[in-house]
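Numbering (the numbering used here), first residue to last: 18 to 287.
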């Protein structure tokens, strides 16, 4: 796997000489965020040797290199999901690659279902912790000693310093900010009401199909991590409506302007 990662790294470095400080993974509703920055170069995933390609409709599938104001960033415009059939090591390969390109900090974003009854669609939730019991760890298998230790500490996956930054930025943007625990399941099906109740009993506030595995891989590498979920729908059993991707996309689109404003401010202040 490390050899595959190095092949991807060499492929990217042949195409661009750019060192990002911050990595950003865009979830639903933020897909066009990268189009508004000062773009230096883009690289399609299909042009990177050995790189997994996103198959989700609406995900552009490319890296964008450029500047958010004066901050050099690499942006993943479309992520790879476990439910697409990739091995978990492939799902987190892009995260590891961005770290190897020089990014020391990473902001993870996603669309999520609200498991906390006090949430409502359109809310933003800062991730304070996560639960990955429902998915395989990306660290299973031979350890890549070049990246990190065999048994990495996970007591502070989401940087307390960056959590303070997000709180401050949300206040300055006059955006209400929820705070909670994100639970990753495999997908692609939405969770059952019983699974949502289980997530609640575990202490989860939001459920989704990405992000936590990426955070684990980033933590293994020593990156500083923060995350924000857009609550696009209430999870099964809380909402009496049938869940569908159209509702998720509509909510994400509705709050996209505020989400972009918050993400921009956070990136600049990281």
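In this text, a Cβ means the ideal position worked out from N, Cα and C, and glycines have one as well.
Being a predicted model, the structure only gives us computed values, none of them experimental.
State buried or exposed for residue i, treating a residue as buried only when at least 16 other CB atoms are found within 10 Å of its CB.
i	result
residue 157	exposed
residue 5	The structure shown does not extend to residue 5, since the chain is modelled only from 18 through 287, so no value can be given for it.
residue 62	buried
residue 135	exposed
residue 189	exposed
residue 206	exposed
residue 65	buried
residue 166	exposed
residue 31	exposed
residue 92	buried
Report the rounded CA-to-CA distance for residue i versus residue j, giving the unit in angstroms.
i	j	result
residue 217	residue 169	26 Å
residue 210	residue 259	11 Å
residue 178	residue 151	28 Å
residue 94	residue 195	25 Å
residue 191	residue 53	21 Å
residue 281	residue 184	14 Å
residue 236	residue 227	15 Å
residue 221	residue 242	19 Å
residue 203	residue 172	23 Å
residue 99	residue 264	22 Å
residue 108	residue 193	31 Å
residue 160	residue 97	22 Å
residue 254	residue 141	21 Å
residue 87	residue 147	31 Å
residue 60	residue 131	34 Å
residue 138	residue 20	42 Å
residue 275	residue 248	13 Å
residue 214	residue 224	11 Å
residue 198	residue 273	22 Å
residue 164	residue 18	12 Å
Based on the DSSP output, what are the partners of residue i in its beta bridges?
i	result
residue 90	39 and 83
residue 175	242
residue 5	The question about residue 5 has no answer, for the chain in this structure spans 18 to 287.
residue 54	BP columns for residue 54 are empty, so no partner.
### Query
Enumerated in chain order, which unbroken segments of the beta strand (DSSP E) with a length of 3 residues or greater are wholly contained in the region 182 to 258?
194 to 201, 223 to 225 and 241 to 251
#### Entry: Completely contained beta strand (DSSP E) runs for the region 105 to 158, where each covers 3 or more residues
122 to 131 and 141 to 148
### Task
Pair every Cβ in the region 22 to 34 with every Cβ in the region 97 to 114, then say whether three or more of these pairs are closer than 8 Å.
yes
### Query
Does the region 39 to 53 touch the region 269 to 276, meaning 3 or more C-beta pairs lie closer than 8 Å?
yes
### Message
Check whether the region 36 to 43 and the region 171 to 188 are in contact - that is, three or more C-beta pairs closer than 8 Å.
### Response
no
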